[in-house]
Amino acid sequence: MPIDGDLVLKCTAEGIVSFAGWADTQHPWQILNQKLPESALLFDVERFMPDVHISIRGSKEARTVKLWRQTHGNAFEKSESPDVGMALWERGHWVPNAVVEAAIAALARIHGENSALVKAARRAWAIYYRDRSWRADNLRNRFMQFWQWCVVNEVGVREVPAEYMFEPTMLVYTFEVLPWVPTTADWCKEVEA
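Residues in the sequence shown are numbered from 220 upward in steps of one, following my numbering.
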């Protein structure tokens, strides 16, 4: 993904940890999630809320609700992930690895490779990057399956209405991540601005 070479990312271990802390009610993702309606507009979720069991072998309609619940940070079973919504949000706030690595390398040139500041930033980014990669893979698997249900399959059947892909109470799964290069060390505050 091409990024303008003149962009300078600012980062600190604290800023990265705060950005990674999506479960915090003050995280930008959580603030957005709290503004979303508690019910879908294009399909009925009421009979599955708040924590009704939905089998992974259930109807596609029920499994669509299961995905919808997860996009709102709700996970009531082992087969559900509360971070699906964060992963969707994150695709629109994708901090490129190369830019962060360059910023940490610049810190290392100033403070030394073995400084506590540099080590903490590297560790915070490594943890965030690992978790983000897992979330992205999990999200991709869930949405690819969902999209397959929404289109006519090889036997001429559409398992759920195609309109479900555009449910307004659920963030859109973008085909590509949207790169974002924060210009302050407080990434969360910058997103809110």
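Using N, Cα and C, we set each Cβ at its ideal position, and we do this for glycine too.
Counted within 10 angstroms of its Cβ, other Cβ atoms place residue i as buried (16 or more) or exposed
{"i": "Asp302", "result": "buried"}
{"i": "Asn360", "result": "exposed"}
{"i": "Glu309", "result": "buried"}
{"i": "Gly292", "result": "buried"}
{"i": "Met220", "result": "Caution is warranted here: a pLDDT of 44 is assigned to Met220, below 50, making its placement in the model unreliable, and no coordinate value can be reported."}
{"i": "Thr283", "result": "buried"}
{"i": "Pro401", "result": "buried"}
{"i": "Ile275", "result": "exposed"}
{"i": "Ala340", "result": "buried"}
{"i": "Gly304", "result": "buried"}
{"i": "Arg351", "result": "buried"}
{"i": "Lys408", "result": "exposed"}
{"i": "Ile329", "result": "exposed"}
Contact check, residue i vs residue j, beta carbons under 7 Å
{"i": "Trp287", "j": "Ala322", "result": "no"}
{"i": "Ala327", "j": "Val337", "result": "yes"}
{"i": "Trp313", "j": "Leu390", "result": "no"}
{"i": "Pro247", "j": "Glu373", "result": "no"}
{"i": "Glu378", "j": "Trp366", "result": "no"}
{"i": "Tyr392", "j": "Phe362", "result": "yes"}
{"i": "Glu296", "j": "Gln289", "result": "no"}
{"i": "Ala343", "j": "Ala232", "result": "yes"}
{"i": "Leu261", "j": "Glu386", "result": "yes"}
Beta-carbon separation (whole angstroms), residue i vs residue j, contact threshold 8 Å
{"i": "Ala195", "j": "Gly234", "result": "Since the first and last residues shown for the chain are 220 and 412, residue 195 lies out of range."}
{"i": "Pro388", "j": "Leu255", "result": "Rather than Pro, the amino acid found at residue 388 in this sequence is Thr. The pair is a contact, with the Cβ atoms about 5 Å apart (cut-off 8 Å)."}
{"i": "Leu354", "j": "Ala294", "result": "According to the sequence as given, residue 354 is Arg; it is not Leu. No, Arg354 and Ala294 are not in contact; Cβ-Cβ is about 13 Å, not under 8 Å."}
{"i": "Tyr347", "j": "Phe238", "result": "7 Å"}
Residues that residue i bridges to, as DSSP identifies them
{"i": "Pro398", "result": "Trp313"}
Nearest residue (CA-CA) to residue i, options the options
{"i": "Ala281", "options": "Asp350, Cys407, Asp263", "result": "Asp263"}
{"i": "Ala381", "options": "Ser352, Ala339, Lys279", "result": "Lys279"}
{"i": "Phe394", "options": "Gly311, Asn316, Gln253", "result": "Gly311"}
{"i": "Trp399", "options": "Gln249, Ala317, Gln245", "result": "Ala317"}
{"i": "Gln166", "options": "Lys285, Glu265, Val271", "result": "Nothing can be reported for residue 166: it is not among the residues displayed for the chain, which extend from 220 to 412."}
heavy atom of the ligand NAD below 6 Å from residue i C-beta
{"i": "His330", "result": "Absence of the ligand NAD is noted for the structure shown, with no ligands found whatsoever."}
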